[in-house]
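Enquirer: The following block contains the structure, expressed as structure tokens.
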Amino acid sequence: MSAALESLITRAEGLLSRLEAVLPHAATPPDWAASTAFRARRRHGALCLEPVRAVSRITLADLQEVDAQKERLLRNTAQFVAGRPANNVLLTGAKGTGKSSLIKAVLNEFSGQGLRLIEVDKADLVDLPDLVEQVQARPERFVVFCDDLSFDEGEASYKALKSVLDGSVAAATDNVLIYATSNRRHLLPEKMVDNLGGTHGEHGEIHPGEAVEEKISLSERFGLWISFYPFSQNEYLAIVAQWLRHFGLDEAAIEAARQPALIWALERGSRSGRVAFQFARDLAGRA
1 MSAALESLIT
11 RAEGLLSRLE
21 AVLPHAATPP
31 DWAASTAFRA
41 RRRHGALCLE
51 PVRAVSRITL
61 ADLQEVDAQK
71 ERLLRNTAQF
81 VAGRPANNVL
91 LTGAKGTGKS
101 SLIKAVLNEF
111 SGQGLRLIEV
121 DKADLVDLPD
131 LVEQVQARPE
141 RFVVFCDDLS
151 FDEGEASYKA
161 LKSVLDGSVA
171 AATDNVLIYA
181 TSNRRHLLPE
191 KMVDNLGGTH
201 GEHGEIHPGE
211 AVEEKISLSE
221 RFGLWISFYP
231 FSQNEYLAIV
241 AQWLRHFGLD
251 EAAIEAARQP
261 ALIWALERGS
271 RSGRVAFQFA
281 RDLAGRA
């Protein structure tokens, strides 16, 4: 074999090695015993599931002033874990009121009964059908968790999520549900121009109602809507007290913290559960 041919073969082999590194690979199954929660991450062009080594330990008892929302999500998840019919869930409303925390707490409540959680970024929702196929033969029950979900018009992941929720030719997988949180109830931006779609002119929408229907069709595919609302002052202070007890402060210290907690919320411009937790953590760290 000539030196020129050997050099050509060597170069070709190097090129193939580089191509293999960037071409999509078959997804490798994760170690299902490694965790109760997994993250979907793109590796070599494929969506892989990586175990979460340190899962949030928040419990249902840690979440205060959301009892009605807690009861509805608990009931739906209990049905799902038991193999009974259950709905995909959209949790919407005010920021910092416990939407994401409630889903994490529900995972901890039911993980011993086979519930598992898969966190998926919005950008990776285009691969959601493939992800569902990865887990459909597993004995566990999976909640696909999409946090802080909203879309701009024309995003491909919007269509993929619609298809998985209800609309694909494939039958729904009975061991997978989607739980999503959002500050927007309809997930897509709604603009004043949408109301002007019926204006006469060459650029007017012929059927403006259909354009509006398209914008709300995704959220309507979630069978259960759970709404969260801003906390009143008393509710905020009750959450502050609960977190201060969690951090080991006594009742006298909790009573003395009322005014500083209100000032903290005023400075932040919000009386949310998140702000209450941040205040309690700051105060406990200085105590």
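Okay, so the sequence shown: first residue is 1 according to the UniProt record's numbering, each after it adds one.
Ideal placement from N, C-alpha and C gives every residue a C-beta, glycine not left out.
#1: In or out: L266 buried (at least 16 other Cβ within 10 Å) or exposed?
#2: What residue range does the alpha helix (DSSP H) around W264 cover?
#3: If T97 sits next to S232, beta carbons under 8 angstroms apart, how far is it from one beta carbon to the other, in whole angstroms?
#4: Expressed to the nearest angstrom, what Euclidean distance is found between the alpha-carbon atoms of T10 and A46?
#5: Under three-state DSSP, which class holds R141?
#6: Suppose the cutoff is 6 angstroms on Cβ atoms and the five residues either side in sequence are ignored; what does the same chain contact list for V66 look like?
#7: Suppose the cutoff is 7 angstroms on Cβ atoms and the five residues either side in sequence are ignored; what does the same chain contact list for S100 look like?
#8: By the 10 Å Cβ neighbour count, where 16 or more other Cβ atoms means buried, how is T241 classified, buried or exposed?
#9: Which term fits A116, buried or exposed, when burial requires 16 or more other beta carbons within 10 angstroms of its beta carbon?
#10: My guess is that A40 and E133 are in contact by the Cβ rule of under 8 angstroms, so how many angstroms apart are they, rounded?
#11: Starting from G93, trace the alpha helix (DSSP H) both ways and give me its first and last residue.
#12: Can you tell me which of P230, A78 and S111 puts its alpha carbon nearest to the alpha carbon of T36?
#13: Comparing alpha-carbon positions, which option in L73, K95, A94 and G93 lies nearest A86?
#14: Count the other C-beta atoms from every protein chain shown that fall within 10 angstroms of the C-beta of R141, then say buried if there are 16 or more, exposed otherwise.
#15: Verify the contact flag: Q113, CB atom, against every heavy atom of the ligand SAH, threshold strictly below 7 angstroms.
#16: Do S56 and K104 have their CB atoms nearer than 8 angstroms?
#17: My guess is that Q69 and F279 are in contact by the Cβ rule of under 8 angstroms, so how many angstroms apart are they, rounded?
#18: Pick from I226, A252, P230 and P29: whose alpha carbon is nearest that of G269?
#19: Taking only three categories from DSSP, how would you classify E65?
#20: Candidates R42, A94 and T77: which alpha carbon is nearest V126's?
#21: Please list, in chain order, all residues of the same chain as L91 whose beta carbon is under 6 angstroms from its beta carbon, the five residues on each side excluded.
#22: Where do the ends of the alpha helix (DSSP H) carrying R286 lie?
#23: From the DSSP output, which residues share a beta bridge with F38?
#24: Does T59 pass the burial test, meaning 16 or more other C-beta atoms within 10 Å, or should it be called exposed?
#25: With 16 other CB atoms within 10 Å as the buried threshold, where does N234 fall?
#26: If you draw a straight line from the C-alpha of C48 to the C-alpha of V275, how long is it?
#27: Can you name, in chain order, every residue of its own chain whose Cβ lies under 6 angstroms from the Cβ of A284, other than the five neighbours on each side?
#28: Between which two residues does the beta strand (DSSP E) containing A180 stretch?
#29: Can you give the beta carbon distance from F80 to L165, rounded, assuming they're within the 8 angstroms contact cut?
#30: Are L161 and L128 closer than 8 angstroms when you measure CB to CB?
Expert: This is what the structure gives:
#1: By the C-beta density criterion, L266 is exposed, having fewer than 16 other C-beta atoms within 10 angstroms.
#2: Unbroken alpha helix (DSSP H) run through W264: R258 to R268.
#3: In fact, because the Cβ distance is near 12 angstroms, the residues do not count as touching under 8 angstroms.
#4: Rounded to whole angstroms, the separation of the alpha carbons of A46 and T10 is 28 angstroms.
#5: Assignment of R141 by DSSP, reduced to helix, strand and coil, places it in the strand class.
#6: So the list reads G98, once near-sequence residues are dropped.
#7: Taken in chain order, the residues that qualify are D147 and T181.
#8: It is Ala, not Thr, that sits at residue 241 in the sequence shown. Counting C-beta atoms within 10 angstroms of its own C-beta, A241 has 16 or more neighbours from the protein chains shown and is therefore classed as buried.
#9: Note on residue identity: the sequence assigns Arg, not Ala, to residue 116. In summary, R116 is buried, with 16 or more beta-carbon neighbours lying within 10 Å of its beta-carbon over all protein chains present.
#10: The Cβ separation is near 13 angstroms, so there is no contact.
#11: Looking at the DSSP string, G93 is not in any alpha helix (DSSP H); the run it does join, the beta strand (DSSP E), is V89 to G93.
#12: Cα-wise, what sits closest to T36 is S111.
#13: Per the Cα distances, L73.
#14: Result: buried.
#15: This structure lacks the ligand SAH; in fact it carries no ligand of any kind.
#16: Going by C-beta atoms, S56 is nearer than 8 angstroms to K104.
#17: In fact, because the Cβ distance is near 22 angstroms, the residues do not count as touching under 8 angstroms.
#18: Minimum Cα distance to G269 is reached at P230.
#19: Residue state, collapsed to three classes: coil.
#20: That would be R42, whose Cα lies nearest to the Cα of V126.
#21: In its chain, beyond the 5 residues on either side, K99, T181 and I226 have a beta carbon closer than 6 angstroms to the beta carbon of L91.
#22: Judged by DSSP secondary structure, R286 falls within the alpha helix (DSSP H) whose first and last residues are G273 to R286.
#23: Paired residues: P51 and I118.
#24: Result: exposed.
#25: N234 is exposed by the Cβ-count criterion.
#26: C48 and V275 have their C-alpha atoms spaced approximately 34 angstroms apart.
#27: If you ignore the 5 residues before and after A284, its C-beta comes within less than 6 angstroms of the C-beta of F247, all in its own chain and listed in chain order.
#28: From DSSP, the beta strand (DSSP E) with A180 extends over V176 to S182.
#29: With a contact defined as Cβ atoms closer than 8 angstroms, F80 and L165 miss out at about 15 angstroms.
#30: The criterion of a C-beta distance shorter than 8 angstroms is satisfied by L161 and L128.
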